[in-house]
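Colleague: Under the working numbering, the residue at position 116 of the sequence shown is numbered 307, and the numbers go up by one with no gaps. In this text, a Cβ means the ideal position worked out from N, Cα and C, and glycines have one as well. Quick caveat, the model's predicted, so the values are computed rather than measured. Okay, handing you the structure first.
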Amino acid sequence: MPYCKGCRPRDKKCAFLKKRCDLLLSGRVQYCYECAEFPCRYLQHIDKRYRERYRMSMVENLKYIKENGIEGFLKNEEEKWRCPECGAAICCHNGICFNCGLDKLKQKKQVYRWEKR
């Protein structure tokens, strides 16, 4: 979805974990790394899928946030996911720029998959 800015900016709970985690759902923790069970089996499951399909790790992201803060993480991610052609945001789910790659996105059969390496 080219218009999606993520869950946190929209003040939403993580759609994948909220149904399974009372701590996140109730607001007793803001980040999964605050939990004694970090990374729990649910987070490990989604992390595996994201590493395989989308070339990113939620567990590694959370560790980075814990060590460097959210501001440092966001600055790092902004650079990491910046399109080298136009400077807009690249989607982590398929590697396509939200600005100059929309034609390519419209032609994809599997919208949320990266091209083969």
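1) Please give the ranges of any alpha helix (DSSP H) in the stretch 220 to 266, keeping only runs that are unbroken, at least 4 residues long and fully inside the region.
2) Quick check: what's the CA-CA separation for V220 versus L214?
3) For the alpha helix (DSSP H) holding K295, just list the boundary residues, first then last.
4) When the Cα of P230 is compared with those of E243, N252, G218, which residue comes out closest?
5) Is the Cβ-Cβ distance between E306 and G278 less than 8 Å?
6) Buried or exposed for G260, please, with buried defined as at least 16 other CB atoms from any protein chain shown within 10 angstroms of its CB.
7) Nearest by alpha-carbon distance to E225: which of H284, A280, K254, E268 is it?
8) With a threshold of 6 Å on Cβ separation, who are the neighbours of R211 within its own chain once the five nearest residues in sequence on each side are excluded?
Modeller: Well, looking at it:
1) 232 to 245
2) 6 Å
3) 293 to 298
4) N252
5) no
6) exposed
7) K254
8) Y233
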